[in-house]
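Report on one structure; see the data block that follows.
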Ligand SMILES: Cc1ncc(COP(=O)(O)O)c(C=O)c1O
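Residue numbers (our numbering): 923 to 1291.
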């Protein structure tokens, strides 16, 4: 018997399957058209169900941020990038376990991280590829110069168990409206070009140049020397992505279905999705208010939250929801929302088609086949 959206208990994250499939297909076609290897970041969906669709639609491999993501995603791909330095015996042992069956690449930016990885790979008898991370403007991680990159690459060369796989960067500082990204993208291009030039002069031409993000997704092919793109948010998109014009509201595949539980206080409606369902995420990049907007009513924002209450401000609308009515909230930052829930429901129109667990949430070890 078909289950209708009205039968779902709220709050619950629901995915419009048509939109999801369109987002996957559009990005796969873009990567193919521009001859870029697609290695999507799984942090957004944390689910082999989506990862398998990404691989089927042409992704070369997957990008992960945590050992648990690596473990869970080894069921979906045998080509995994940990885009995060791996430090500490326990994490390294978990990674080496996965590296029995999968090609593993680790991104790092220090000689210390090379030493720990090299020793763990040698002890486990595995070969691990290494991307050297460059800081090209985000100022989060990444070596500060080509000379520092060369130092890290030389350290990689001291371990027979490690292979220099290329360079990587994440331009997370570019979250401006798409029409205003030019000057930062120009600067990024100059910096990538200079880094690749200096590495080439030193005889260390990077085999792979890995980068790309959802805010700059349709400009990825303009980034100098890039061979691999790693967008994550594009599968579901969110209010942050649509506010800057990297997608439209119609491309936002994941919303949080919520029920209006109170309209007692004038000028507002309260839904059963608070910060434990939506996260307390600001709109990133551009000035913006609220913690999410109502699908189809973009002027209605979640303006404040308790743990289980979300307050919709009705000042800018003539829409007056009734108690018991359901709304779908487009979250500001979808990756955080996914991580707050155990499972996601897939809808075809208003009918429940499927559901899947957020299998890679959390940090504890997952069983590896
Ligand atoms: C290292 C790295 N690569 C790729 C991504 C892609 O993410 P997004 O699609 O949100 O730009 C991220 C996002 O945090 C990241 O940290």
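Beta carbons: idealized from backbone N, C-alpha and C, even for Gly.
When you compare only the Cα positions, how much space is there between residue i and residue j?
i: residue 1140; j: residue 1045; result: 42 angstroms
i: residue 1287; j: residue 991; result: 9 angstroms
i: residue 1173; j: residue 1164; result: 8 angstroms
i: residue 1079; j: residue 941; result: 45 angstroms
i: residue 994; j: residue 1183; result: 37 angstroms
i: residue 1188; j: residue 977; result: 49 angstroms
i: residue 1058; j: residue 1271; result: 42 angstroms
i: residue 1125; j: residue 1052; result: 17 angstroms
i: residue 1225; j: residue 1105; result: 33 angstroms
i: residue 1038; j: residue 1018; result: 12 angstroms
i: residue 1211; j: residue 1177; result: 18 angstroms
i: residue 987; j: residue 1290; result: 17 angstroms
i: residue 1142; j: residue 1094; result: 13 angstroms
i: residue 1244; j: residue 1229; result: 22 angstroms
i: residue 1055; j: residue 929; result: 47 angstroms
i: residue 1021; j: residue 1285; result: 18 angstroms
i: residue 1302; j: residue 1023; result: The displayed coordinates of the chain run from 923 to 1291. Any statement about residue 1302 would go beyond what the structure contains.
i: residue 1162; j: residue 962; result: 19 angstroms
i: residue 1068; j: residue 1123; result: 11 angstroms
i: residue 1190; j: residue 1199; result: 19 angstroms
i: residue 889; j: residue 947; result: Outside the shown range of the chain (923 to 1291) lies residue 889, about which nothing can therefore be said.
i: residue 863; j: residue 1264; result: Nothing about residue 863 can be reported from this structure: the residues present for the chain run from 923 to 1291 only.
i: residue 1043; j: residue 1066; result: 26 angstroms
i: residue 997; j: residue 1256; result: 24 angstroms
i: residue 1160; j: residue 1223; result: 14 angstroms
i: residue 989; j: residue 1016; result: 7 angstroms
i: residue 1153; j: residue 1234; result: 31 angstroms
i: residue 1102; j: residue 1111; result: 16 angstroms
i: residue 1092; j: residue 1268; result: 30 angstroms
i: residue 944; j: residue 1077; result: 43 angstroms
i: residue 868; j: residue 1025; result: What the structure shows of the chain is the stretch from 923 to 1291, and residue 868 is not part of that stretch, so it cannot be assessed.
i: residue 1214; j: residue 1155; result: 16 angstroms
What span of residues does the beta strand (DSSP E) with residue i cover, start to end?
i: residue 976; result: Here residue 976 belongs to no beta strand (DSSP E); instead the alpha helix (DSSP H) covers 970-978.
i: residue 1180; result: 1176-1184
i: residue 1236; result: Where residue 1236 is concerned, there is no enclosing beta strand (DSSP E), given that its DSSP letter is neither H nor E.
i: residue 1020; result: Here residue 1020 belongs to no beta strand (DSSP E); instead the alpha helix (DSSP H) covers 1011-1020.
i: residue 1215; result: 1214-1216
Identify every residue that forms a DSSP beta bridge with residue i.
i: residue 1027; result: 1003, 1051
i: residue 937; result: 1176, 1268
i: residue 1150; result: 959, 1132
i: residue 1202; result: Partner(s): none; residue 1202 has no beta bridge.
i: residue 1278; result: 1266
i: residue 1086; result: 1052
i: residue 986; result: 1004
i: residue 925; result: 1274
i: residue 1190; result: 1235
From what residue to what residue does the alpha helix (DSSP H) around residue i run?
i: residue 1110; result: 1104-1123
i: residue 1250; result: Element bounds for residue 1250: not the alpha helix (DSSP H) but the beta strand (DSSP E), 1248-1253.
i: residue 1227; result: Note, residue 1227: premise wrong, no alpha helix (DSSP H); beta strand (DSSP E) at 1219-1227.
i: residue 1133; result: Note, residue 1133: premise wrong, no alpha helix (DSSP H); beta strand (DSSP E) at 1131-1133.
i: residue 1038; result: 1033-1046
i: residue 1071; result: 1068-1078
i: residue 1293; result: In the structure as shown, the chain starts at 923 and stops at 1291, and residue 1293 therefore has no counterpart that could be examined.
i: residue 1163; result: 1161-1165
For ligand 1, which residues count as neighbours when the test is a C-beta closer than 5 angstroms to any heavy atom? Taking every residue with its beta carbon within less than 5 angstroms of a heavy atom belonging to ligand 1 gives, in chain order, 963, 1005, 1092, 1135, 1136, 1152, 1153, 1154, 1155.
Does the region 1199-1216 come close enough to the region 958-974 that 3 or more CB-CB pairs lie under 8 angstroms? no
Between the region 1211-1225 and the region 1271-1285, do three or more beta carbon pairs fall short of 8 angstroms? no
Below 8 angstroms, can you find three or more Cβ-Cβ pairs linking the region 1030-1049 to the region 995-1015? yes
Taking contact to mean 3 or more Cβ pairs, one atom from each stretch, closer than 8 angstroms, check whether the region 1087-1101 and the region 1166-1180 are in contact. Output reads yes: the region 1166-1180 touches the region 1087-1101.
Could you check whether the region 952-964 touches the region 1191-1204, counting it as contact only if at least three pairs of C-beta atoms, one from each stretch, sit closer than 8 angstroms? no
Counting beta carbon pairs with one atom in the region 1080-1096 and one in the region 1131-1146, are three or more of them shorter than 8 angstroms? yes
If we count Cβ pairs, one from each stretch, closer than 8 angstroms, do we get three or more for the region 1140-1155 versus the region 927-937? no
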